[in-house]
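One line per chain: the protein sequences are A and B, in this order. So that you can map any letter, position 284 of the first sequence is 284 in the numbering used here, and since no number is skipped, the others follow by simple counting. For the numbering used here, add 1000 to where a residue sits in the second sequence, where the first one is 1. Quick reminder that beta carbons are idealized off the backbone N, C-alpha and C, glycines included.
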Amino acid sequence: MKNIRLLKDRLISKTFLALTILSISTVILIGVGLFYKSTPILNSTSLYNLLFSSEWKPFKEAFGFYPFIVGTLWVTAIAIIIALPLSMLTAIYLSEYAHIRVRKLVLPLIELLSGIPPVLYGVWGVLVIVPLIQDKIAPHFVEFTTGYSVLAGGIVLAIMIFPLIISIVIEVFDNVPQDLRNASLSLGATQWQTVKKVVLRKSFDGIVAAVVLAISRAFGETIAVLMVCGNLAQVPHSLFDSAYPLPALIANNYGEMMSIPMYDSALMFAALLLFVIIFLFNALSRIILYRIEKRNN
Amino acid sequence: MRKIEENIFKVLMILSTIIISSTLFMIVYTIFSKGIGSLNWDMVSKIPEGGFYIGKGGGILNAIVGSIYITVGSTLLGLLISLPIVIYINVYAKRNATLATITRLSYDILFGIPSIVYGAFGFAIMVYMGLKTSLLAGIITVTLMIIPILVRAIDEVVRVVPEDMGNAVFALGGTRYETAKIILRQSIPGIITAILLSFGRAIGDAACVLFTAGFTDSIPTSLDQPAATLPLSIFFQLSSPIKEVQNRAYAAAVILTIIVLVINIVAKIASKNLSKNKI
């Protein structure tokens, strides 16, 4: 009887181990699968041309991703520029200043924000942000815009990444030992000086990790950006120009890609590009965050 | 001088906290005020009739049911895969062993991979396996996307089960598998929260099912038929030039908002109850 139980235990152990290893290798599998699918385009066009040519004519087999890459960068940069100061201030307030009751009231609201599906952010962007840019903001700067612009994409994305930055930064702040704050305060520093000189300095790498994670989230967001960015294959020159970020390109063209040669390979290459960049960003910041957690245990 | 700087920043901090925490209300208010007028019983109880997308009658029951099929299917499949993994890294592999760390790290990384990449990868698998756009292909893709959510969330609750509890089972002569069962029973509220979270994420994601689940006006009756989903139905109707169809997109957005908010709030309450019972 005892032997059967032990045998069962050992058997389950092996099965679970196999499952665990198999499932971790999805990371590699995704990379390899996308790479395999994009070999045709990599063989026919040089990597340099793919990344830095602006010519996008699928019918002539010209696939230059430059406008899409620049579009992605614009939208992501705007999102970070808007989101970073706002979420840092909020995180500092909630972690260092606010009464515990305020924190318990506000944090769940922010977490709920992260549960809203991207498509609803898109609907909201179309209803509120796009008209706002078209009627109120843009007329002060440019003659005409539809409102579907990199700025609209940036604003919508900024709201989508608030919860991510805030929750990670608060966690990093919570890992700063209370003794350090007390030492600073007892030397006569004000609370703000303590935050600035002690807490922020101590959590610098954690904040960097949070920002890098936020960048990678913004980089890969598809539907919301697709709905408000205008989707024109051009290099944007101002905040009010339309753009066509990489994820939107993949999403928009899947329908017709099967009928044009090399098109599917080109789109798979776009997915591979996203995967590689986001993988590196994620790995980097997760390792930093792991180190911080370990240091304090 | 120090006081002035402190006060300026305090005001800025409170302002940004107010801005950020009110965005949720702004979004929900906008969607409700725009969509509630077009929401009627036909929308939730009928499938699209002929010419739905040029403004003729019908509703989005096909998308609601399709979303539920895909979400329930992939959550069950996801649980089936992620529970053993969490058990393995917490009970079998010694705590904080290298394999456990690598597993956690790779799930954190997988969690960050955007859904469009899962969509593309799912499509590649689909072609490789000779499937066409179908409920099954959609379920597989969504499962891949939510496993990291499930593993991370369940791992979090299993980790906080006191080590003594496992040791007690060992001391009584239990095997590791029997220990795992005890530990899992202790984590049920947390597992329910994890399920709800992944459910909410799966039902709202559009990019991931875009190429794999297809889209149809009817309700799928088997796994190899295409299925419509709520986010995609919102997305497609919104791009219509016809006002009436656009309004239906807003109404569908109200339905999706309600579903997602309810799921998330229930999850929050469930996890609160969990921490109340913590030893």
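Residue i: which of the options sits nearest, CA to CA?
i, options, result
"P177 (chain A)", "A:G154, A:F162, A:N282 and A:K202", "A:K202"
"I1265 (chain B)", "B:T1193, B:S1021, B:I1102 and B:I1182", "B:T1193"
"L113 (chain A)", "B:K1272, B:I1263 and B:A1270", "B:I1263"
"A1206 (chain B)", "A:T72, A:F68 and A:I250", "A:I250"
"H140 (chain A)", "A:F240, A:H99, A:L127 and A:K197", "A:F240"
"L120 (chain A)", "B:F1199, B:I1258, B:S1045 and B:D1155", "B:I1258"
"V126 (chain A)", "B:A1249, B:G1078, B:M1126 and B:G1174", "B:A1249"
"A1227 (chain B)", "B:A1213, B:S1239 and B:S1240", "B:A1213"
"W124 (chain A)", "B:M1001, B:L1079 and B:G1035", "B:G1035"
"K992 (chain B)", "A:I170, A:W192, A:L273 and A:L164", "Outside the displayed span of chain B (1001 to 1279) sits residue 992 (chain B), for which this structure offers no information."
"G122 (chain A)", "B:M1001, B:S1239 and B:L1015", "B:S1239"
"F1236 (chain B)", "B:A1252, B:L1223 and B:L1261", "B:A1252"
"Y1118 (chain B)", "B:I1068, B:S1106, B:K1046 and B:L1210", "B:L1210"
"I1125 (chain B)", "B:T1221, B:P1114 and B:T1141", "B:T1141"
"V1157 (chain B)", "B:N1090, B:A1202 and B:V1028", "B:N1090"
"I129 (chain A)", "B:I1027, B:G1190 and B:R1201", "B:I1027"
"M262 (chain A)", "A:K37, A:L22, A:L232 and A:I116", "A:K37"
"A243 (chain A)", "A:N252, A:Y254, A:G230 and A:N253", "A:G230"
"T301 (chain A)", "A:G64, A:G31, A:I28 and A:V32", "Any question about residue 301 (chain A) goes unanswered here, given that chain A covers just 1 to 297."
"P1114 (chain B)", "A:S13, A:A248 and A:V32", "A:A248"
"V225 (chain A)", "A:F144, A:I155, A:T15 and A:A271", "A:I155"
Which chain C residues sit within Cβ distance under 8 Å of residue i?
i, result
"F16 (chain A)", "Chain labels in this structure do not include chain C; the protein chains are A and B."
How far does the alpha helix (DSSP H) with residue i in it reach, from first residue to last?
i, result
"D174 (chain A)", "V150 to D174"
"M1043 (chain B)", "W1041 to S1045"
"I1242 (chain B)", "Note, I1242 (chain B): premise wrong, no alpha helix (DSSP H); not H, not E."
"M1129 (chain B)", "S1115 to M1129"
"G1050 (chain B)", "Element bounds for G1050 (chain B): n/a, residue is neither H nor E."
"P108 (chain A)", "I100 to G115"
"E293 (chain A)", "Y263 to R295"
"G1092 (chain B)", "Here residue 1092 (chain B) is Tyr; the residue named in the question, Gly, does not match the sequence. Neither: Y1092 (chain B) is in no alpha helix (DSSP H) and is coded neither H nor E."
"M1013 (chain B)", "R1002 to G1035"
"E143 (chain A)", "Here E143 (chain A) belongs to no alpha helix (DSSP H), and DSSP marks it neither H nor E."
"M1139 (chain B)", "Contrary to the premise, residue 1139 (chain B) reads as Ile rather than Met in this sequence. Looking at the DSSP string, the run of the alpha helix (DSSP H) that includes I1139 (chain B) is L1135 to R1159."
"I30 (chain A)", "T26 to S44"
"K1181 (chain B)", "R1176 to Q1186"
"D205 (chain A)", "F204 to G220"
"Y121 (chain A)", "P118 to W124"
"G1166 (chain B)", "E1163 to A1171"
"S186 (chain A)", "Q178 to S186"
"T194 (chain A)", "Q191 to T194"
Could you name the residues that DSSP lists as bridge partners for residue i?
i, result
"A243 (chain A)", "A:G230"
"W56 (chain A)", "A:F63"
> Given 8 Å as the limit, is there contact between the stretch 1057-1076 of chain B and the stretch 1202-1218 of chain B, that is, 3 or more CB pairs closer than that?
Replying inline: yes
>> Tell me whether the stretch 80-99 of chain A and the stretch 260-277 of chain A touch, counting them as touching only if at least three CB pairs, one residue from each stretch, are closer than 8 Å.
In response: no
> Along the stretch 160-187 of chain A, what residues have a CB closer than 7 Å to any CB found in chain B?
Replying inline: F162
> If you measure beta-carbon to beta-carbon, which residues of the stretch 1202-1226 of chain B are closer than 8 Å to chain A?
Replying inline: I1203, G1204, D1205, A1206, A1207, L1210 and F1211
>> Under 9 Å, CB to CB, which of the residues in the stretch 205-226 of chain A have a partner in chain B?
In response: L213, S216, R217, F219, G220, E221, T222, I223 and L226
> Between the stretch 1118-1135 of chain B and chain A, which residues of the former have a C-beta closer than 7 Å to a C-beta of the latter?
Replying inline: A1120, F1121 and A1124
> Counting Cβ pairs, one atom from each stretch, are 3 or more of them under 8 Å apart for the stretch 1043-1059 of chain B and the stretch 1238-1254 of chain B?
Replying inline: yes
> Do the stretch 157-172 of chain A and the stretch 1063-1081 of chain B touch if we need at least three Cβ pairs shorter than 8 Å?
Replying inline: no
> At a Cβ cut of 8 Å, what residues of the stretch 1234-1262 of chain B count as close to chain A, listed as they run along the chain?
Replying inline: I1234, F1235, L1238, A1249, Y1250, A1253, L1256, T1257, V1260 and L1261
> Between the stretch 237-269 of chain A and chain B, which residues of the former have CB atoms less than 8 Å from a CB of the latter, in chain order?
Replying inline: P247, I250, A251, Y254, L267 and M268
>> Using 8 Å as the cut-off, can you tell me whether the stretch 1092-1110 of chain B makes contact with the stretch 1033-1051 of chain B, which would need three or more C-beta pairs spanning the two stretches below that distance?
In response: no
>> For the pair the stretch 198-217 of chain A and the stretch 1019-1028 of chain B, tell me if three or more CB-CB distances fall below 8 Å.
In response: no
>> So, does the stretch 1138-1151 of chain B touch the stretch 1072-1089 of chain B, judging by three or more C-beta pairs under 8 Å?
In response: yes
>> Pairs of beta-carbons, one from the stretch 212-220 of chain A and one from the stretch 269-278 of chain A, closer than 8 Å: are there three or more?
In response: yes
>> Beta carbons nearer than 8 Å to chain A: which residues of the stretch 1033-1067 of chain B have them?
In response: K1034
>> Counting only Cβ-Cβ distances shorter than 8 Å, please list the residues of the stretch 106-137 of chain A near chain B, keeping chain order.
In response: V106, P108, L109, I110, E111, L112, L113, G115, I116, P117, P118, V119, L120, Y121, G122, V123, W124, V126, L127 and V128
> In the stretch 1180-1191 of chain B, which residues sit with their C-beta less than 8 Å from some C-beta in chain A, listed in chain order?
Replying inline: none
>> For the stretch 100-116 of chain A against the stretch 185-203 of chain A, do three or more pairs of beta-carbon atoms, one drawn from each stretch, fall closer than 8 Å, so that the two count as touching?
In response: no
>> Under 8 Å: do the stretch 1169-1179 of chain B and the stretch 7-25 of chain A share three or more Cβ pairs, one atom per stretch?
In response: yes
>> Does the contact criterion of 3 or more C-beta pairs under 8 Å hold for the stretch 136-151 of chain A versus the stretch 60-70 of chain A?
In response: no
> Using a Cβ cut-off of 8 Å, which residues of the stretch 83-98 of chain A contact any Cβ in chain B, in chain order?
Replying inline: P85, L86, S87, L89, T90, I92, Y93, L94, Y97 and A98
> What residues from the stretch 277-293 of chain A come within 9 Å of chain B, judged by C-beta to C-beta, listed N to C?
Replying inline: I278, F279, F281, N282, A283, S285, R286, I287, L289 and Y290
> Per the contact definition of three or more C-beta pairs closer than 8 Å, is the stretch 62-78 of chain A in contact with the stretch 143-157 of chain A?
Replying inline: yes
> Which residues, in chain order, does the stretch 51-83 of chain A contribute to contact with chain B at a C-beta distance below 7 Å?
Replying inline: none
> Quick one, which residues of the stretch 1150-1177 of chain B are near chain A if we go by CB-CB under 7 Å, in chain order?
Replying inline: T1175, R1176 and Y1177
>> At a CB distance below 7 Å, what residues from the stretch 20-35 of chain A approach chain B? Give them in sequence order.
In response: T20, S23, I24, T26, V27, I30, G33 and L34
> Looking at C-beta atoms only, is the number of pairs between the stretch 35-55 of chain A and the stretch 1129-1146 of chain B that lie closer than 8 Å three or more?
Replying inline: no
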